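Numbered according to our numbering, the sequence shown spans residues 131 to 220. For every residue, glycine included, the Cβ atom is placed at its ideal position computed from N, Cα and C. Quick caveat: nothing in here was measured; it's all calculated off a predicted structure. For reference, the structure is listed below as structure tokens.
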Amino acid sequence: MKKSDEQSYMELIEERRKQSRVTTPHQLIGLELAKILDDERHKSLYIKLAKEHDNHSLIILAKNIAEKPNVINKGAYFMRMLTTKTKEKR
């Protein structure tokens, strides 16, 4: 492969990486949770949570946390509140 071919291939791969490949509802909910909480780095965690928990309650919890101005790490606070809620249900 020539340098120019290799460079154009890498550019193509980079562009394809930016495109979303959401195929199931829990993937969409997980990605939305990551956006709401400004925590794109942990999107796979949110997808897993969306698969295991009630999606409606997850979104409500995330939006409530996102509206709080004094929360610095919204993702960590979300996880704390979620674990507290699940412990209360037991």
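Shown here for Ala164: same chain residues with a beta carbon closer than 7 Å to its own, the five before and five after excluded, namely Glu170, His172, Lys173 and Tyr176 in chain order. Between the alpha carbons of His183 and Leu142 lies a distance of about 36 Å. Non-local beta-carbon contacts of Ala196 in its own chain, meaning distances under 7 Å to residues more than five positions away in sequence, involve Ile166, Leu167 and Lys204 in chain order. With fewer than 16 other beta carbons inside 10 angstroms of its own, Ile190 counts as exposed. Around Lys178, the same chain offers Gly160 as residues with beta carbons nearer than 8 Å, after the five sequence neighbours per side are excluded. Distance from the CA of His156 to the CA of Ala180, rounded to the nearest whole angstrom, comes to 5 Å. For Lys219, the three-state secondary structure derived from DSSP is helix.
In this model, Val201 and Phe208 are separated by some 10 Å (Cα to Cα).
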